[in-house]
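**Q** Numbering (our numbering), first residue to last: 3 to 244. Note that beta-carbon positions come from the ideal geometry of N, C-alpha and C, so glycine has one too. My structure is below; once you've seen it, I'll send some questions.
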Amino acid sequence: MSTSLHHRAIEHLGTRIVAGELQPGHIMLAEHLEDELKVSRSVVREAVRVLQSLGLVETTKRVGIRVLPASRWNPFDPQVIRWRLAGEGRGAQLRSLAELRTAVEPVAAELAATNAPEEIRRGLVEVSHAMRDAGQAGDVPRFLELDIYFHSLLLTGSGNEMFANMVGQVAETLTGRTVHGLMPDHPRDAALQWHVDVAEAIAAGNPAGAREASDRIMRETISEMEPEWKDQPRVFVPVQRL
Numbered sequence: 003m004s005t006s007l008h009h010r011a012i013e014h015l016g017t018r019i020v021a022g023e024l025q026p027g028h029i030m031l032a033e034h035l036e037d038e039l040k041v042s043r044s045v046v047r048e049a050v051r052v053l054q055s056l057g058l059v060e061t062t063k064r065v066g067i068r069v070l071p072a073s074r075w076n077p078f079d080p081q082v083i084r085w086r087l088a089g090e091g092r093g094a095q096l097r098s099l100a101e102l103r104t105a106v107e108p109v110a111a112e113l114a115a116t117n118a119p120e121e122i123r124r125g126l127v128e129v130s131h132a133m134r135d136a137g138q139a140g141d142v143p144r145f146l147e148l149d150i151y152f153h154s155l156l157l158t159g160s161g162n163e164m165f166a167n168m169v170g171q172v173a174e175t176l177t178g179r180t181v182h183g184l185m186p187d188h189p190r191d192a193a194l195q196w197h198v199d200v201a202e203a204i205a206a207g208n209p210a211g212a213r214e215a216s217d218r219i220m221r222e223t224i225s226e227m228e229p230e231w232k233d234q235p236r237v238f239v240p241v242q243r244l
């Protein structure tokens, strides 16, 4: 029950902050949150601690819990990504993630063609063919599961531990697009084939071919999703003067 209440408190406050219901600078008091959420002080404290770690709030003695602006949030945290995808900032979040993936995944594919162990190379080929079958059959849940696994193998296979730690962000992106109806039931045959092309180029040790095929996937993704973020504002993070 305690874990459930803790999770509920985090979700309640996190979604309201990310959705803009609680504006930057808004002050919350722990005792008011206890009454609002019908939870104990310890649950409120733990929820606030998590939100602090995500950059959504800060606590000030004798003032309270202050909501922070989007420029302070941890944009890489899967929870923040999920909350943004569920709200009005969905388009901006999709754009940021698509641009990040476009910068990283083709390079990861190129590195995987050089560095990936044989087990990952075989896994990518198997998963890419299974993805094509699921996509052509319109099996959306199975396709999502395979899609997440494919990109997880790709990032891990690069041999770059920082790329590998993007798995959670990519999983939330793919899940969010599916949950919010932004993925077709039957992906384009060309897109399905490009995943096979990436996998087979990696398996064959062809870095240029792997990078080119991955780049095609990401540019197609941006082309498909661009209407979702038209006119959505960008977040400019302040730079500290030296």
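With 16 as the cutoff for other CB atoms within 10 Å, does HIS34 come out buried or exposed?
**A** Position 32 of the sequence shown, counted from the first residue, corresponds to residue 34. When all chains shown are included, HIS34 counts as exposed.
**Q** Could you spell out the range, first to last residue, of the beta strand (DSSP E) harbouring GLU60?
**A** Counting from one through the sequence shown, the residue named residue 60 turns up at place 58. 59 to 62 is the span of the beta strand (DSSP E), which, as asked, contains GLU60.
**Q** Please work out which residues of its chain come closer than 7 Å, Cβ to Cβ, to GLU202, disregarding the five sequence neighbours upstream and downstream, and give them in chain order.
**A** Locating residue 202 in the sequence shown gives position 200, where the first residue counts as 1. So the list reads VAL127, once near-sequence residues are dropped.
**Q** Taking the straight line between their C-alpha atoms, what separation do you get for PRO229 and GLN95?
**A** Here residue 229 refers to the residue found at position 227 when the sequence shown is read from its first residue. Here residue 95 refers to the residue found at position 93 when the sequence shown is read from its first residue. Their Cα atoms are separated by approximately 13 Å.
**Q** What are the boundary residues of the beta strand (DSSP E) that VAL69 is part of?
**A** The count along the sequence shown starts at 1 and reaches residue 69 at position 67. First-last of the beta strand (DSSP E) with VAL69: 66 to 69.
**Q** Which partner residues of MET30 appear in the DSSP bridge assignment?
**A** Sequence index remark: in the sequence shown, residue 30 carries index 28 (1-based). Answer by DSSP bridge pairing, in chain order: ILE67.
**Q** Could you tell me whether the Cβ of TRP196 comes closer than 9 Å to any Cβ of chain B?
**A** Here chain B cannot be found, since the structure has a single protein chain.
**Q** Out of curiosity, what's the CA-to-CA distance linking ARG84 and PRO77?
**A** The residue you call residue 84 lines up with position 82 of the sequence shown. The residue you call residue 77 lines up with position 75 of the sequence shown. The straight-line gap from Cα to Cα measures roughly 10 Å.
**Q** Can you tell me the Cβ-Cβ gap for ILE204 and ALA111, rounded? I've got them flagged as a contact below 8 Å.
**A** Along the sequence shown, read from residue 1 onward, the residue named residue 204 stands at position 202. Along the sequence shown, read from residue 1 onward, the residue named residue 111 stands at position 109. 6 Å between Cβ atoms; contact.
**Q** Alpha carbon to alpha carbon, how far is SER216 from GLU107?
**A** Locating residue 216 in the sequence shown gives position 214, where the first residue counts as 1. Locating residue 107 in the sequence shown gives position 105, where the first residue counts as 1. Straight-line Cα distance between these residues: approximately 7 Å.
**Q** Below 8 Å, can you find three or more Cβ-Cβ pairs linking the region 61 to 70 to the region 15 to 33?
**A** Touching, yes, given that three or more Cβ pairs across the two stretches are closer than 8 Å.
**Q** Consult DSSP for VAL198 and reduce its assignment to one of helix, strand or coil.
**A** The residue labelled residue 198 in the question sits at position 196 within the sequence shown. Looking at VAL198 - three-state DSSP - the assignment turns out to be helix.
**Q** To the nearest angstrom, how far is it from the Cα of ALA210 to the Cα of LEU113?
**A** Locating residue 210 in the sequence shown gives position 208, counting from the first residue. Locating residue 113 in the sequence shown gives position 111, counting from the first residue. Cα to Cα, the separation comes out at about 10 Å.
**Q** Of all the options LEU244, HIS8 and ALA21, which has the alpha carbon lying nearest to the alpha carbon of SER42?
**A** The residue you call residue 42 lines up with position 40 of the sequence shown. The option with the nearest alpha carbon to SER42 is HIS8.
**Q** Check whether the Cβ atoms of VAL200 and LEU244 lie closer than 9 Å to each other.
**A** Your numbering for residue 200 matches position 198 in the sequence shown. Your numbering for residue 244 matches position 242 in the sequence shown. No. Outside cutoff.
**Q** Return helix, strand or coil for ARG1, following the three-state DSSP convention.
**A** What is shown of the chain runs 3 to 244, which leaves residue 1 out entirely.
**Q** What is the rounded straight-line gap between the Cα of MET30 and the Cα of LEU87?
**A** Here residue 30 refers to the residue found at position 28 of the sequence shown. Here residue 87 refers to the residue found at position 85 of the sequence shown. If I take the Cα positions, the gap works out to 24 Å.
**Q** Given a cut-off of 9 Å, decide if ALA115 and ARG213 are closer than it, judged by their beta-carbon atoms.
**A** Locating residue 213 in the sequence shown gives position 211, counting from the first residue. Locating residue 115 in the sequence shown gives position 113, counting from the first residue. Result yes, Cβ atoms of ARG213 and ALA115 sit closer than 9 Å.
**Q** Apply the 10 Å Cβ neighbour rule to THR62 and answer buried if 16 or more other Cβ atoms are within range, or exposed otherwise.
**A** Locating residue 62 in the sequence shown gives position 60, counting from the first residue. THR62 comes out exposed.
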